[in-house]
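Residue numbers (the UniProt record's numbering): 1 to 361.
Step one of this worksheet: look at the structure below.
What follows is the structure, given as structure tokens:
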């Protein structure tokens, strides 16, 4: 990109999105955390005169990565962005946007809608991911149940022994469909991570997910008191507490952090990605430990915490968390990536985080 004085700015690029639709009257592009849901007209694309192509450009740093989709409005239709007062309808429409048929790089969102992925040359390297064609051929999971009705799938990386590490993923149905077990095994075969067990915990759907992961009713108690004994009894998984790693994103990230600080003796590490730290429970729990002079109970933990710099609501509480944990002699790795609240960013960061945790032991 060229600066006004004619010099070249090597750290930024002009990124132009193109979309083809002959009948559309207007087109909105939904770029993760760049599209402002309170000011959607800023993300309306412009028709290229005399064609059926639409375009919109953004100026971004060269380490940026994001998912995106297109929402066309046909003649006679009321554009969804004119219904900003109905956030549920708006969010549903944005989540159901069209992918980019000209871009082979894709990622699917929570509802299974595949979106395009843009990644510039200095974005963090993402290895071992499955292509969409490979994902489309994955067999459907066979969900099992713990006695209380929680659904799960047990996976394996390599050929783990009963006492080998255990990796717990919230939103297990999403990560199973992202081919995470295959991604982890590719990393294992490349010599990057050792053998371990994987516990894909199903969210139970939107309402149950909110009830269980919002921090009010810590799901750590279910993990420790029900799931782990169940895994030992029925799957012969007998991982020592210090080798149990828990991972989540958004509300799952909040619950991962809350799990290891509310039941620290039961876990060894957490990978919290874009945790919903706008909620107070993690900070409240840290204050309880501080007041009781019990922060030392966290010293054995290894925390991998990351947030996107485009997540303007989440960056400040993440910075606060890092400051509060500085007084605890623990292993804390804090990463800020140039992206948003986005599976396109989260999926490729799991293997490196696991590698740091498992090679440090």
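Just so you know, even glycine gets a beta-carbon here, dropped at the ideal spot from N, CA and C.
Report buried or exposed for residue 314, applying the criterion of at least 16 other Cβ atoms within 10 angstroms of its Cβ. buried
Tell me which residues share the same chain as residue 15 and place their Cβ nearer than 6 Å to its Cβ, disregarding the 5 neighbours each side in the sequence. 58 and 60
What residue from 307, 308 and 287 has the CA that sits closest to residue 298's CA? 287
Is the distance from the Cβ of residue 195 to the Cβ of residue 159 below 8 Å? yes
Residue 239: first and last residue of the uninterrupted beta strand (DSSP E) it sits in: Taken as a continuous stretch (DSSP letters only), residue 239 belongs to no beta strand (DSSP E), as it is neither H nor E.
Can you tell which of 229, 324 and 232 has the C-alpha that lies nearest to the C-alpha of residue 261? 324
Report whether the distance from the Cβ of residue 266 to the nearest heavy atom of the ligand SAH is below 7 Å. As for the ligand SAH, it is missing from this structure, which has no ligand bound.
Using 8 Å as the threshold, is the C-beta distance between residue 304 and residue 338 below it? no
Compare the beta carbon distance of residue 275 and residue 254 with 8 Å and say whether it is the shorter of the two. yes
Closer than 8 Å by C-beta to residue 394: which residues in its own chain qualify, once you throw out the five before and the five after it? Chain order, please. Because the chain in this structure spans residues 1 to 361, residue 394 falls outside the shown range and cannot be described.
Is residue 283 helix, strand or coil when you go by DSSP? helix
If residue 116 and residue 100 are in contact, beta carbons under 8 Å, what's the gap, nearest whole angstrom? 3 Å
I'd like the span of the beta strand (DSSP E) that includes residue 306, first residue to last. 302-308
Spell out a yes or no on whether the segment 120-134 and the segment 68-79 are touching, meaning 3 or more CB-CB pairs, one atom from each, closer than 8 Å. no
Going by alpha carbons, who is nearest to residue 353 out of 342, 331 and 340? 331
What ranges does the beta strand (DSSP E) occupy inside the UniProt domain "Enterochelin esterase N-terminal" (15-127), keeping only unbroken runs of at least 3 residues that lie completely in it? 26-31, 53-61, 65-73, 106-108 and 114-119
Roughly how many angstroms separate the alpha carbons of residue 174 and residue 182, rounded to a whole number? 14 Å
Are the beta-carbon atoms belonging to residue 268 and residue 296 less than 8 Å from one another? no
Could you spell out the range, first to last residue, of the alpha helix (DSSP H) harbouring residue 151? First-last for residue 151: 151-157, but that is the beta strand (DSSP E), not the alpha helix (DSSP H).
Own chain residues within Cβ distance below 8 Å of residue 120, not counting five before or after: 13, 15, 60, 61, 62, 63, 64 and 65
Does the Cβ-Cβ distance between residue 67 and residue 342 come in under 8 Å? yes
Just verifying my parser: in three-state terms, what is the DSSP assignment at residue 197? strand
In this structure, how does DSSP classify residue 163 when only helix, strand and coil are distinguished? coil
Within its chain, find whatever has a CB closer than 7 Å to the CB of residue 106; leave out the 5 residues flanking it on each side and keep chain order. 99, 114, 115, 116, 117 and 132
Using beta-carbon positions only, say whether residue 167 and residue 197 come within less than 8 Å of one another. yes
By the DSSP assignment, the beta strand (DSSP E) with residue 331 in it spans what residues? 331-337
So, with DSSP's three-state summary, where would you put residue 214? coil
What do you reckon, are the CB atoms on residue 235 and residue 201 nearer than 8 Å? no
Quick one: what does DSSP say residue 191 is sitting in, helix, strand or coil? coil
Reducing DSSP to helix, strand and coil, say where residue 130 ends up. coil
Cα-Cα separation, residue 256 to residue 24: 43 Å
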